[in-house]
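Asks: Before I ask anything, let me first share the structure, which is written out below as structure tokens.
Numbering (the working numbering), first residue to last: 381 to 599.
In structure tokens:
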């Protein structure tokens, strides 16, 4: 969370703080009355890269809450993800359906759109949480590019970047309402996607609680 993005996401306005580095938004202080949360992820073409559509697999999506007692609680865990292709600036929540399927391993896969951001989240949706017992949040997912027949890793590696994050919501049944029903928790570091499985994370766990993060979490 303290390192710059490996690559800039294409189409994101320079005024957006997370275009160049991870950011903490509401962090561990959800808005009053908000009692639901979900982790999410996003995939962008790297700024300056030649437009190309690639198949990306996603697995082991998880959201954890760190309690004030130091316990790391797993509240979302799935290989089944939903999502859509959004305008890269997310203005107006404008989106179109994404080509989401299952790969040969039974994991979620998607064909990227070089002109859009693939924004994804657990199909099961948001979950309730206790804001009075919150000391940190951790989101993780594993991802890789599946090259087409005849494509080499050199031809597809580092063309796209992925980051994960989380949002607070007023309730588990809340819908997007121009940010009145939701608030960003944080946006993790954008890292390059390659043909190898990699782990992508976001956390709001402070240094004093790092022991819980490192001893109870593995990707």
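The beta-carbon is built from N, C-alpha and C at its ideal position, and this holds for glycine as well.
Please read these numbers as outputs of a predicted model, since none were measured by experiment.
1. Would you give the residue range spanned by the alpha helix (DSSP H) that residue 535 belongs to?
2. Give the DSSP-derived three-state secondary structure of residue 489 in the structure shown.
3. Please report the Cβ distance between residue 567 and residue 517, rounded to the nearest whole angstrom; I am assuming they are in contact, meaning their Cβ atoms lie under 8 angstroms.
4. Sorted by chain position, which residues of the same chain lie with C-beta nearer than 8 angstroms to residue 514's C-beta, five sequence neighbours on each side aside?
5. Check the C-beta distance from residue 524 over to residue 578 and give it rounded, since I have them as a contact under 8 angstroms.
6. Name the DSSP beta bridge partners of residue 518, please?
7. Would residue 507 and residue 544 qualify as a contact pair, given that the criterion is a beta-carbon distance under 8 angstroms?
8. What span of residues does the beta strand (DSSP E) with residue 548 cover, start to end?
9. Give the DSSP bridge partners of residue 508, in chain order.
10. May I ask you to list the residues that DSSP assigns as paired with residue 462?
11. In the DSSP assignment, find the unbroken beta strand (DSSP E) run with residue 482 in it and report its ends.
Replies: Once the coordinates are examined:
1. Counted as a single uninterrupted DSSP element, the alpha helix (DSSP H) harbouring residue 535 occupies residues 533-536.
2. Reduced to three states, the DSSP call for residue 489 is strand.
3. The beta carbons of residue 567 and residue 517 sit about 12 angstroms from each other, so the pair does not count as a contact at 8 angstroms.
4. Short of 8 angstroms from the beta carbon of residue 514, and not among the five residues preceding or following it, lie these beta carbons of its own chain, in chain order: 408, 410, 445, 446, 447, 448.
5. The pair is a contact, with the Cβ atoms about 7 angstroms apart (cut-off 8 angstroms).
6. DSSP lists 444, 583 as partners of residue 518.
7. Cβ distance not < 8 angstroms, so residue 507 and residue 544 don't count as in contact.
8. Boundaries of the beta strand (DSSP E) around residue 548: 540-549.
9. As DSSP reads the structure, residue 508 sits in a beta bridge with 416.
10. According to DSSP, residue 462 bridges with 501.
11. In the DSSP assignment, residue 482 falls within the unbroken beta strand (DSSP E) covering 480-482.
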